[in-house]
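Participant: Below is one structure. I have some questions about it.
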Amino acid sequence: GQIDAIRQSQQQLDQQHALDLQDLHSAKVEAQQADEASATLAAEVHQLQMEINAKQVLKSVLAGPCSVLTTGQGSAPVDILQADCSRIKGELADAVQSRTAISHDITNKRASSQQQHREARRPVVTQAASQGSTFGQLFRVTTYGTSHGLGVGCIVDGCPPRLPITVEEIQGDLDRRRPGQSRITTPRKESDTCQIVSGVSESGWTEGDPIHITVPNATQRSQDYAEMEVAYRPSHADATYDMKYGTRAVAGGGRASARETIGRVAAGAIAKKLLKQVCGTEVLGYVSRVKDVESHVDVDAVSSEQIESNAVRCPDTDAAEQMYKVIDDIRKKGDSCGGEVTCIVRNCPKGLGAPVFGKLEAELAGALMSLPASKVSSSLKLALILDFFSVCQGFEIGSGFAGSRLLGSEHNDEFYMAADGQIRTRTNRSGGVQGGISNGENIVLRVAFKPTATISRNQKTVSRAGVDMQLRARGRHDPCVVPRAVPMVEAMVALVLADHLLQHFAQCELLPRQDSISPDTSIAHQFKRKDSSLQEAAASH
Numbered sequence: 005g006q007i008d009a010i011r012q013s014q015q016q017l018d019q020q021h022a023l024d025l026q027d028l029h030s031a032k033v034e035a036q037q038a039d040e041a042s043a044t045l046a047a048e049v050h051q052l053q054m055e056i057n058a059k060q061v062l063k064s065v066l067a068g069p070c071s072v073l074t075t076g077q078g079s080a081p082v083d084i085l086q087a088d089c090s091r092i093k094g095e096l097a098d099a100v101q102s103r104t105a106i107s108h109d110i111t112n113k114r115a116s117s118q119q120q121h122r123e124a125r126r127p128v129v130t131q132a133a134s135q136g137s138t139f140g141q142l143f144r145v146t147t148y149g150t151s152h153g154l155g156v157g158c159i160v161d162g163c164p165p166r167l168p169i170t171v172e173e174i175q176g177d178l179d180r181r182r183p184g185q186s187r188i189t190t191p192r193k194e195s196d197t198c199q200i201v202s203g204v205s206e207s208g209w210t211e212g213d214p215i216h217i218t219v220p221n222a223t224q225r226s227q228d229y230a231e232m233e234v235a236y237r238p239s240h241a242d243a244t245y246d247m248k249y250g251t252r253a254v255a256g257g258g259r260a261s262a263r264e265t266i267g268r269v270a271a272g273a274i275a276k277k278l279l280k281q282v283c284g285t286e287v288l289g290y291v292s293r294v295k296d297v298e299s300h301v302d303v304d305a306v307s308s309e310q311i312e313s314n315a316v317r318c319p320d321t322d323a324a325e326q327m328y329k330v331i332d333d334i335r336k337k338g339d340s341c342g343g344e345v346t347c348i349v350r351n352c353p354k355g356l357g358a359p360v361f362g363k364l365e366a367e368l369a370g371a372l373m374s375l376p377a378s379k380v381s382s383s384l385k386l387a388l389i390l391d392f393f394s395v396c397q398g399f400e401i402g403s404g405f406a407g408s409r410l411l412g413s414e415h416n417d418e419f420y421m422a423a424d425g426q427i428r429t430r431t432n433r434s435g436g437v438q439g440g441i442s443n444g445e446n447i448v449l450r451v452a453f454k455p456t457a458t459i460s461r462n463q464k465t466v467s468r469a470g471v472d473m474q475l476r477a478r479g480r481h482d483p484c485v486v487p488r489a490v491p492m493v494e495a496m497v498a499l500v501l502a503d504h505l506l507q508h509f510a511q512c513e514l515l516p517r518q519d520s521i522s523p524d525t526s527i528a529h530q531f532k533r534k535d536s537s538l539q540e541a542a543a544s545h
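This is how it looks when you write it as structure tokens:
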């Protein structure tokens with residue numbers, strides 16, 4: 005019944021909208037006619053003014069000393085001309101007054117027309133506002149789909165042509181974020197099998213066209229969310245979506261669901277392949293903390309094999325066992341916990357990022373903060389602690405907040421010339437970014453994730469009608485999102501770097517350098533150095 009009422013209201017609004025458009029058209033026609041009448045009147049006024057001028061000249065001639073028309077009958081011709089001038093002046097005054105009235109009328113009609121035009125363009129209350137579903141400037145990614153819809157996916161626009169990519173490479177990252185991997189992840193079973201719809205040739209090469217990747221949803225259970233239709237889940241996006249849009253997707257949270265990140269991970273796999281192919285860049289993430297259990301990892305030596313050796317994705321095996329036990333115990337209690345993911349970027353090109361508003365660490369923070377459940381605890385340059393509607397809780401790069409306790413002499417990264425002729429830093433407290441631009445050192449960042457908001461416990465909340473009540477969330481959810489968040493973090497980091505790589509080539513690599521910096525430090529040289537390996541890969545492919 006509410007839906008029918010909304011539809012009827014929408015139809016009435018649409019009808020009123022159509023009438024407003026008709027009134028707007030009529031007002032425009034009337035204004036045009038008034039403009040034409042004003043132009044005609046102006047021409048008549050101009051003609052009358054010319055007649056007055058001509059008769060005034062004739063009057064001065066007849067009244068002069070050389071006049072031959074002044075007879076015994078007095079100055080009759082002059083009197084006649086004076087009468088004509090008075091009459092014409094009266095007509096001119098009337099015409100000017102009429103023109104002024106028409107001008108006022110035209111002004112009023114134009115104002116009314118503009119007001120009607122603004123009202124006709126004003127969105128009605130049930131019209132959906134656009135949502136931010138596109139990321140990037142040159143390497144652009146648009147995600148679509150919801151948790152309990154037909155499927156999810158992404159469209160990647162701006163990927164360079166001739167990049168070798170296979171379904172298996174994309175599927176590998178999707179399998180890492182797939183639900184149902186172990187006892188400490190959501191029990192929802194989804195294969196998350198991807199399909200490349202367009203943009204990649206049958207032989208496995210990007211074609212320069214938009215790349216469309218889709219993943220169907222197989223095991224939706226919308227009935228788990230029936231009682232949540234009337235109440236808001238604490239710390240979810242339910243209330244804020246309702247406040248903003250006047251509607252919300254109850255089943256699974258709609259676009260606020262973590263299943264939206266499937267599109268990001270698929271696009272991130274392409275971005276990682278681009279970075280690896282062009283610059284030899286590697287993006288690697290792992291779980292560094294779960295609740296109070298922290299790992300101790302050598303970021304320069306850790307490998308993907310070590311990370312994927314256990315369900316927690318922590319290369320520190322002793323810490324991984326403790327983390328697994330903590331998550332499992334919390335799961336049995338119907339509760340949840342948070343943690344941190346550390347991400348390392350090795351062999352990052354120098355020069356990515358831009359000053360002021362385009363700083364690389366700011367772009368990374370924004371990208372990672374857009375992940376569900378992330379909350380940012382930022383770096384020495386990005387001191388942010390923010391709340392977010394879902395799960396990502398924080399971002400930290402380099403020495404982070406610990407850098408605020410050091411002296412400048414202790415914190416500064418001193419430069420030196422390496423044996424290979426490259427400019428390096430003896431320490432890496434800046435986290436590979438200085439002045440908002442990458443310096444070629446490893447980028448090391450950390451992302452904090454809050455506990456999953458959906459828990460199997462009674463919680464106090466309110467209904468949409470504003471009544472206090474209790475709600476126990478149902479459905480299949482992660483007791484800790486951190487193990488499955490690793491490929492999500494890698495994807496967003498790779499998307500930022502790929503976008504900045506294309507921006508850097510477009511702005512800084514077109515013309516030859518005129519400074520003293522060795523050309524070996526430029527991305528152009530790295531690209532040329534990789535060109536031979538790219539040709540070899542093409543031949544073998």
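Numbering-wise, the sequence shown is residues 5 to 545 according to my numbering. Built from N, CA and C at the ideal position, the CB exists for glycine as well.
#1: Return the bridge partner residues of Asn314 from the DSSP annotation.
#2: Using 10 angstroms around the beta-carbon of Ile447, count the other beta-carbons present and answer buried if the total reaches 16, otherwise exposed.
#3: Spatial neighbours of Arg450 within its chain, please: C-beta separation below 6 Å, excluding the five flanking residues on both sides.
#4: Would Val219 and Ile266 qualify as a contact pair, given that the criterion is a beta-carbon distance under 7 Å?
#5: Determine the contact status of Ala275 and Asp177, defining contact as a CB-CB distance below 7 Å.
#6: Where in the region 133-219 do unbroken runs of the beta strand (DSSP E), each at least 3 residues long, occur, reported from the N-terminal end onward?
#7: On a Cα-Cα basis, can you pick out the residue from Glu194, Ile174, Glu173 that is closest to Pro183?
#8: Could you tell me whether the region 511-519 touches the region 153-160, using the rule of 3 or more Cβ pairs below 8 Å?
#9: Who are the near neighbours of Arg433 in its chain, counting only those whose CB is closer than 7 Å to its CB and skipping five residues on each side?
#10: Kindly indicate the opening and closing residues of the beta strand (DSSP E) around Glu344.
#11: What residues match up with Leu288 in a beta bridge as DSSP calls it?
#12: So, do the region 327-338 and the region 285-296 have three or more beta carbon pairs nearer to each other than 8 Å?
#13: Can you tell me whether DSSP reads Lys464 as helix, strand or coil?
#14: Could you give the DSSP three-state label for Thr456: helix, strand or coil?
#15: Does the count of Cβ pairs from the region 494-504 and the region 139-148 closer than 8 Å reach three?
#16: Just to confirm, is the Cβ distance from Val485 to Phe453 under 7 Å?
#17: What residues in its chain sit with their C-beta under 8 Å from that of Thr130, if we drop five residues either side in the sequence?
#18: Taking the alpha carbon of Arg468 as the point to measure from, which residue in Val493, Pro238, Ser413 has its own alpha carbon closest?
#19: Where does Ser90 land, buried or exposed, given buried means 16+ other C-beta within 10 angstroms?
#20: What would DSSP say about Gly258, mapped onto helix, strand or coil?
#21: Have a look at Ser313 and Pro319 and give me their C-alpha separation to the nearest angstrom.
#22: Could you tell me the alpha carbon to alpha carbon distance between Glu365 and Ala235, rounded to whole angstroms?
#23: Confirm the yes/no value for this check: CB of Val171, any heavy atom of the ligand MG, distance under 6 Å.
#24: Where does Tyr420 fall in DSSP's three states?
#25: Alpha carbon to alpha carbon, how far is Met327 from Ile217? Give it in angstroms, no decimals.
#26: On a Cα-Cα basis, can you pick out the residue from Ile427, Val160, Ile159, Cys512 that is closest to Leu356?
#27: Is Val33 buried or exposed, if buried means 16 or more other CB atoms sit within 10 Å of its CB?
#28: Using a Cβ-Cβ cut-off of 6 Å (strictly less than) and excluding sequence neighbours within five positions of Ser340, which residues of its own chain qualify?
#29: Compute the distance between the beta-carbons of Thr210 and Leu167, then report whether it is under 7 Å.
#30: Nearest-angstrom Cα distance between Leu411 and Ser299?
#31: Are the beta-carbon atoms belonging to Arg488 and Thr189 less than 7 Å from one another?
#32: Taking Gly338 as the reference, which of Phe419, Gly436, Gln463 has the closest Cα?
#33: State the start and end residues of the unbroken alpha helix (DSSP H) segment that holds Thr244.
#34: Under three-state DSSP, which class holds Gly355?
#35: Below 8 Å CB to CB, which residues in the same chain sit around Thr429 once its five sequence neighbours on both sides are set aside?
#36: What are the boundary residues of the beta strand (DSSP E) that includes Asp472?
Facilitator: Reading off the structure:
#1: Assignment of beta-bridge partners to Asn314 by DSSP yields no partner.
#2: Buried, by the Cβ-count rule.
#3: Hits under 6 Å: Glu344, Thr346, Glu400.
#4: Yes, the pair counts as a contact, with Cβ atoms nearer than the cut-off.
#5: Taking 7 Å as the Cβ cut-off, Ala275 and Asp177 do not qualify as a contacting pair.
#6: Runs found: 144-149, 155-161, 199-202.
#7: When each option's Cα is compared against that of Pro183, the closest is Glu194.
#8: Touching, no, given that fewer than three Cβ pairs across the two stretches are closer than 8 Å.
#9: The beta carbon of Arg433 lies closer than 7 Å to those of Gly402, Ser403, Gly407, His415, Asp417 in the same chain, with the five residues before and after it left out.
#10: Following the DSSP letters along the chain, one finds Glu344 inside the beta strand (DSSP E) bounded by residues 343-350.
#11: According to DSSP, which records beta bridges pairwise, Leu288 is partnered with Ile348.
#12: Contact between the region 327-338 and the region 285-296 is present, because at least three Cβ pairs lie under 8 Å.
#13: Three-state result, Lys464: strand.
#14: In the structure shown, Thr456 adopts coil according to DSSP, grouped into three states.
#15: These segments touch.
#16: Contact annotation: Val485 and Phe453 have beta-carbon atoms nearer than 7 Å.
#17: Its pLDDT being 44, under 50, Thr130 is placed unreliably by the model, and nothing is read from it.
#18: Among Val493, Pro238, Ser413, the Cα nearest to that of Arg468 is on Pro238.
#19: Its Cβ having fewer than 16 others within 10 Å, Ser90 is exposed.
#20: Helix at Gly258.
#21: Distance between the alpha carbons of Ser313 and Pro319 is about 7 Å.
#22: Glu365 and Ala235 have their C-alpha atoms roughly 38 Å apart.
#23: No copy of the ligand MG appears in this structure; indeed no ligand is present at all.
#24: DSSP places Tyr420 within a strand segment (E or B) once states are collapsed to three.
#25: Their backbone Cα atoms lie some 34 Å apart in a straight line.
#26: If you compare the alpha carbons of Ile427, Val160, Ile159, Cys512 with that of Leu356, the shortest gap goes to Cys512.
#27: Flag for Val33 reads exposed.
#28: Pro455, Thr456, Ile459, Pro483, listed in sequence order.
#29: Yes.
#30: In a straight line, the C-alpha of Leu411 is about 27 Å away from that of Ser299.
#31: In terms of Cβ geometry, Arg488 and Thr189 form a close pair [threshold 7 Å].
#32: If we check each option's Cα against that of Gly338, Gln463 comes out closest.
#33: Its alpha helix (DSSP H) spans residues 242-249.
#34: The answer is coil: DSSP assigns Gly355 none of H, G, I, E or B.
#35: Once the five neighbours on either side are set aside, the close Cβ partners of Thr429 are Asp417, Glu418, Phe419, Tyr420, Asn443, Glu445.
#36: Where Asp472 is concerned, the enclosing beta strand (DSSP E) stretches over 472-476.
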